[in-house]
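Asks: For reference, the structure I am asking about is given below.
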Amino acid sequence: MAERNEQFERLAYEYQLLQAQAQLLAQNLDLLTMGRNEFQAVKETIEGLKKTEDERPEILVPIGAGSFLRGTLIDKNNAIVSVGAGYAIEKSLDEAVEYLEARIREYDGAIAKTQEGLKSLEGRLQELAQRAQQLQRG
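In numbering that gives the first Met the number 0, the protein residues as written are 0 to 137.
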């Protein structure tokens, strides 16, 4: 009887640990998805700009708190893109799109790996729950 209680406590502890890991992976998955969506939106914006025939198109410039200023682009052939660690470089629109597509693929890979890990943890959690039920039955 004492041994069964000890096994049950170990299962409960392991279950809690795995549940915490699953929660962290789910949060990470949300962050990765948001990052990917942001890169996708930038890519679509640049692709839209490439199709614009106006040499100095009017744009809205975000200034924070959901507020904008009207502006005019002075160079619609190049974009300044973030390359990480606080650095940004100027690229042609085509180069910028290629760079963004590569980043989106990186995010897709990380999302797929995170989803695999989450699925694996969920399977392990189900196994532990079944083992706990078996211990309770006797």
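By construction, the Cβ of each residue, glycine as well, lies at the ideal position given by its N, Cα and C atoms.
Can the beta-carbon of LEU127 be found less than 8 angstroms from the beta-carbon of GLU13?
Replies: In this structure, GLU13 lies closer than 8 angstroms to LEU127 by Cβ.
Asks: Does any CB atom of chain D fall closer than 8 angstroms to the CB of ARG55?
Replies: In the displayed structure, chain D is absent; only one protein chain is listed.
Asks: Whole angstroms is fine: what's the gap from THR51's alpha carbon to TYR86's?
Replies: So the two alpha carbons sit approximately 28 angstroms from each other.
Asks: Which residues mark the beginning and the end of the alpha helix (DSSP H) in which LEU205 is found?
Replies: No answer is possible for residue 205: the residues shown for the chain start at 0 and end at 137.
Asks: Just to confirm my understanding: we take GLN18, look at its own chain, exclude 5 residues before and 5 after, and list those with CB closer than 8 angstroms. What are they?
Replies: LEU124.
Asks: Using DSSP with H/G/I as helix, E/B as strand and the rest coil, what is ILE73?
Replies: Correct three-state label for ILE73: coil.
Asks: For ALA31 versus LYS75, is the C-beta spacing smaller than 8 angstroms?
Replies: Residue 31 is actually Leu in this sequence, not Ala. No, these two residues do not count as a Cβ contact at 8 angstroms.
Asks: Find the nearest neighbour of GLU46 within the set ALA78, LEU134 and ARG102, judged by alpha-carbon distance.
Replies: Cα-wise, what sits closest to GLU46 is ALA78.
Asks: Using the C-alpha atoms, what's the distance from LYS118 back to LYS112?
Replies: Taking the straight line joining both Cα atoms gives about 10 angstroms.
Asks: In chain order, what residues of the same chain lie with their CB nearer than 8 angstroms to the CB of LEU120, ignoring the 5 residues before and after it?
Replies: So the list reads LEU17, GLN20, ALA21 and LEU24, once near-sequence residues are dropped.
Asks: Would the segment 64-73 and the segment 26-45 be scored as touching if the rule is three or more Cβ pairs under 8 angstroms?
Replies: At 8 angstroms Cβ cutoff, the stretches do not touch.
Asks: Out of curiosity, what's the CA-to-CA distance linking ARG130 and VAL96?
Replies: About 51 angstroms.
Asks: Can you check whether the CB of ILE110 is closer than 8 angstroms to the CB of LEU28?
Replies: Yes; because the gap between Cβ atoms is below 8 angstroms, this pair is in contact.
Asks: Decide if ARG102 is buried, meaning its Cβ has at least 16 other Cβ atoms within 10 Å, or exposed.
Replies: With 16 or more other Cβ atoms within 10 Å, it is buried.
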